[in-house]
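According to the working numbering, the sequence shown is numbered sequentially starting from 37.
Don't be surprised by glycine CBs; every beta carbon is placed ideally from N, CA and C.
Fair warning: this is a prediction, and the values are worked out from it, not measured in the lab.
Data block below; observations after.
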Amino acid sequence: MSPFFSSAWSLTPTLLASGFMTGPFYHYGPSTPVSELAGEVWLLLIKLSGQIKRCDEVIPRMRNEADEEMVEELVDTGGRLVNKFRKALKACEKPMLQTISVGKLGEQTGVEFGKTMIDEENEWKKTERWMHSIRLWNLRFDANCEEMIRNLLAVKAPT
Numbered sequence: 037m038s039p040f041f042s043s044a045w046s047l048t049p050t051l052l053a054s055g056f057m058t059g060p061f062y063h064y065g066p067s068t069p070v071s072e073l074a075g076e077v078w079l080l081l082i083k084l085s086g087q088i089k090r091c092d093e094v095i096p097r098m099r100n101e102a103d104e105e106m107v108e109e110l111v112d113t114g115g116r117l118v119n120k121f122r123k124a125l126k127a128c129e130k131p132m133l134q135t136i137s138v139g140k141l142g143e144q145t146g147v148e149f150g151k152t153m154i155d156e157e158n159e160w161k162k163t164e165r166w167m168h169s170i171r172l173w174n175l176r177f178d179a180n181c182e183e184m185i186r187n188l189l190a191v192k193a194p195t
């Protein structure tokens, strides 16, 4: 992975996702289908990240082995979705680096990132499948884990 993306991924998912969302808003305007899609990607990534973090916090406190296995499997699945996003970052790298080489660092880099993820047919299909997978993951999380995790987080962790 290039230095740009190895350092970019170390940023918080919120910061990384907001960088992704800013480019299409800047390029297409705030009330366009592309900007709305970018906003949805941003929200999905933030929600996925937050739910994985919540799962990681409660796994050590779980007493029921079946529940623990279910939550760990959900975390693993969420990790695979994050890895798919990393692959999408890699696919967007070349157009972004081209903007850097011509001295247009900043907003133009985010524009190229968003255009590659949403405009280019091949990457858009991957992005759309990724978004669908995260929506399904969220439904599964809500149905199987949300209440259990909320209850475990409500109980003070042992010191």
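Span of the alpha helix (DSSP H) around residue 86: 69-94
Cβ contact (3+ pairs, closer than 8 angstroms) linking the segment 159-172 and the segment 69-80: Result yes; three or more Cβ-Cβ pairs closer than 8 angstroms.
Burial state of residue 182 (16 or more Cβ within 10 Å): exposed
Beta-carbon proximity check, residue 110 vs residue 173, cutoff 9 angstroms: In this structure, residue 173 lies closer than 9 angstroms to residue 110 by Cβ.
Reference residue 162; option with closest CA among 179, 93, 60 and 128: 128
Own chain, CB closer than 8 angstroms to residue 117, minus 5 neighbours either side, in chain order: 84, 166, 169, 170 and 173, listed in sequence order.
First through last residue of the alpha helix (DSSP H) which encompasses residue 100: Careful: residue 100 lies outside any alpha helix (DSSP H) and carries neither H nor E.
Closest by C-alpha distance to residue 104, when choosing among 190, 70 and 185: 185
Rounded C-alpha distance that separates residue 64 from residue 108: Between the alpha carbons of residue 64 and residue 108 lies a gap of roughly 40 angstroms.
C-alpha gap between residue 189 and residue 94, whole angstroms: Rounded to the nearest angstrom, the two C-alpha atoms are 7 angstroms apart.
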